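Numbering follows this note's numbering, in which position 101 of the sequence shown is assigned residue number 106; successive positions increment by one, without gaps. Glycine included, each C-beta is placed from N, C-alpha and C at the ideal position. None of these values were measured; they are calculated from a predicted model. In what follows, a single structure is set out as structure tokens and then discussed.
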Amino acid sequence: MYNVKIVETEKEHDDAFAVRKKVFVEEQGVPLHLECDAQDETATHFIMYEGDVPVGAARLRNIEEHTAKIERVCILQSQRGKKLGALIMKEMENYATSIDQKKLKLHAQSYAVPFYEKLGYTVTSPEFMDAGIPHRAMEKMI
């Protein structure tokens with residue numbers, strides 16, 4: 006059974022950052038100083054557990070009136086292909102709606118654009134590099 010929740014405790018915070026480090030730093034080679042940034046202090050963090058094992062994480066930031074940005078969405082490699090990315094995105098969208106957000110933005114790694122398109126996001130930029138990885142800006146009205 007998978008459970009997505011907003012990070013509330015130090016353990017949940019540590020679990021979310023451990024998943025992010027495993028995926029972005031170890032697997033994708035993003036430097037730690039780019040992965041963990043000043044935005045972490047003010048973002049709302051999400052953690053996904055299978056039982057009590059952390060398997061996914063993400064964060065949401067309010068960036069302008071009625072607009073939030075989804076960032077750092079990640080699922081452990083061993084858990085991919087189980088529609089867990091869609092589950093964590095749905096929970097973040099539900100939360101964004103509950104705090105009166107109307108638009109969600111994100112920077113998708115280019116290979117993941119089809120995943121986000123299936124969730125209703127639209128590409129809004131040409132490809133650009135971020136941390137040495139090709140990305141596209143995307144957004145969705147909620």
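Around V78, the same chain offers A63 as residues with beta carbons nearer than 6 Å, after the five sequence neighbours per side are excluded. If the five residues before and after T129 are omitted, its C-beta is found closer than 7 Å to the C-beta atoms of A142, M143, E144, all from its own chain and listed in chain order. Residue pairing from DSSP places R66 in a beta bridge opposite K74. Excluding five sequence positions before and after L124, the CB atoms of its chain that fall closer than 7 Å to its own CB belong to A91, M94, given in chain order. With 16 or more other Cβ atoms inside 10 Å of its own Cβ, G61 counts as buried. Rounded to whole angstroms, the separation of the alpha carbons of V28 and Q82 is 7 Å.
In chain order, Y7, M53, V60, G61, I80 place their CB closer than 8 Å to the CB of L89, counting only its own chain and leaving out the 5 sequence neighbours on each side. Under DSSP, F133 forms a beta bridge with H140. In the DSSP assignment, M53 falls outside any alpha helix (DSSP H) and lies within the beta strand (DSSP E) extending over 49-55. Taking C-beta separations shorter than 8 Å and ignoring five residues to either side along the sequence, the partners of G56 in its chain run M6, following chain order.
Close CB contacts of A113 within its chain, under the 7 Å cut and outside five residues either way in sequence, are with Y121, H140, R141, M143 (chain order).
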